[in-house]
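Protein chains in written order, with the numbering used here: chain A, 15 to 128; chain B, 75 to 271.
Structure follows, in structure tokens:
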């Protein structure tokens, strides 16, 4: 794996994780202030922009590598998102959820390595 | 002694409580206090059930007066979103491989994948899954919704096995089993909470 491929994989993963956090924030704000305000639309626009970046990076990677090769990295996103949601969004994270997320990640990595 | 926590819209307060014998598995309700605690003894896990009488609060501590059901049920939308992603993954791989030009200057961005109609169908499905995912985010915390949405990662190899007749190795079956156990662990407290609300 070349350095460029590694960089592209990390970039698509990071933009995907950030997009999820931004979108979650946006949708939570709709519970209090509804959909028609600048806060909501700017957050959704930011989230969609990040997802678009992640989408095209993944599409480019898919042309060079097999889906099965790229999947372990998508598996890592489970751990990333669970941890960042707990830290950034202050969501409750208990032992059962943590073990569940770790098992899912490990399982996805196993599925794609074999 | 076990830690017992009380939810309020702004913060959570916890205290240590000595539980009567045999109560660790069952609902523990202190009259005069506006909270109930439920404990699963196996993992010493605590699940906090918010007050039921006044406004009830869901897991994100938001009031949930108009919790939709039927087609608007967030769990149904989560399943729909996963299904759309599953189909779009197959379409994307087919489409991207059909029109791959690894030597062209812009190939690293993947934009030439847009030449394939299959990629456009995949984009439509991704937009549909995105809309239902946004809906899911409105009601379900990310720490629960996202791990559950990754069920798609075992549905892809299972789909290859069922529809394309591909071989699944022992190691891959082990991975699928791990994901299923993980999903069950994430989903279990939710099932208990949903039951009581």
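Virtual Cβ for every residue (Gly too), placed ideally from N, Cα, C.
Under a CB-based cut-off of 8 Å, is residue 4 of chain A close to chain B?
Nothing about residue 4 of chain A can be read from this structure; chain A reaches only from 15 to 128.
What does residue 237 of chain B touch in chain A if you count any residue whose Cβ is under 9 Å from its own?
Start at 1 with the first residue of the second chain, and residue 237 of chain B comes out as number 163. None at all; the shortest Cβ gap to chain A is about 15 Å.
Which value, in whole angstroms, describes the spacing of the CA atoms of residue 204 of chain B and residue 241 of chain B?
Here the question's residue 204 of chain B lines up with position 130 in the second chain. Here the question's residue 241 of chain B lines up with position 167 in the second chain. Approximately 31 Å, taken between the alpha carbons.
Quick check: residue 73 of chain A and residue 25 of chain A, are their CB atoms within less than 8 Å of each other?
Mapped onto the first chain, residue 73 of chain A falls at position 59. Mapped onto the first chain, residue 25 of chain A falls at position 11. Taking 8 Å as the Cβ cut-off, residue 73 of chain A and residue 25 of chain A do not qualify as a contacting pair.
Which chain A residues are close to residue 215 of chain B, counting only those with a beta carbon under 9 Å from its beta carbon?
As a working note, residue 215 of chain B is residue 141 in the second chain. Here the neighbours are 38, 99, 103, 105 and 106.
Looking at the secondary structure, which residues open and close the alpha helix (DSSP H) in which residue 227 of chain B lies?
As a position in the second chain, residue 227 of chain B is number 153, starting the count at 1. Per DSSP, residue 227 of chain B belongs to the alpha helix (DSSP H) from 226 to 237.
For residue 57 of chain A, decide whether its Cβ has a neighbour in chain B, counting only Cβ atoms nearer than 8 Å.
As a first step, residue 57 of chain A is located in the first chain; it is residue number 43 there, counting from the start. So no, residue 57 of chain A is outside the interface.
Does DSSP classify residue 256 of chain B as helix, strand or coil?
Sequence index remark: in the second chain, residue 256 of chain B carries index 182 (1-based). Looking at residue 256 of chain B - three-state DSSP - the assignment turns out to be helix.
Output, in chain order, the set of chain A residues within a Cβ distance shorter than 8 Å of residue 260 of chain B.
Position 186 of the second chain holds residue 260 of chain B. The contacting residues are 110, 111, 114, 115 and 118.
When we look at the beta-carbon of residue 186 of chain B and count the other beta-carbons within 10 Å, is it buried (16 or more) or exposed?
As a position in the second chain, residue 186 of chain B is number 112, starting the count at 1. Buried, because 16 or more other Cβ atoms sit within 10 Å of the Cβ of residue 186 of chain B.
Would you say residue 30 of chain A faces chain B, with C-beta separation under 8 Å as the test?
Locating residue 30 of chain A in the first chain gives position 16, where the first residue counts as 1. The beta-carbon of residue 30 of chain A is placed no less than 8 Å from the nearest beta-carbon of chain B.
Is the distance from the Cβ of residue 34 of chain A to the Cβ of residue 220 of chain B below 8 Å?
Mapped onto the first chain, residue 34 of chain A falls at position 20. Mapped onto the second chain, residue 220 of chain B falls at position 146. At a Cβ-Cβ threshold of 8 Å, residue 34 of chain A and residue 220 of chain B count as neighbours.
Please look up how many angstroms separate the CB atoms of residue 105 of chain A and residue 215 of chain B, rounded, as I've assumed it's under 8 Å.
Position 91 of the first chain, counting from 1, holds the residue named residue 105 of chain A. Position 141 of the second chain, counting from 1, holds the residue named residue 215 of chain B. Contact holds; Cβ gap of about 5 Å.
If I measure Cβ to Cβ from residue 223 of chain B and keep anything under 7 Å in the same chain, skipping five residues before and after, which residues do I get?
The sequence position of residue 223 of chain B within the second chain is 149, counting from 1. Cβ neighbours of residue 223 of chain B beyond the five flanking positions: 152, 155 and 156.
Residues in its own chain within less than 8 Å of residue 206 of chain B by CB, not counting five upstream and five downstream?
For this step, residue 206 of chain B is matched to residue 132 along the second chain. Cβ neighbours of residue 206 of chain B beyond the five flanking positions: 151, 152, 154, 155 and 158.
Sorted by chain position, which residues of the same chain lie with C-beta nearer than 7 Å to residue 68 of chain A's C-beta, five sequence neighbours on each side aside?
Taking the first chain and counting its residues from 1, one reaches residue 68 of chain A at position 54. 26, 29, 30 and 33.
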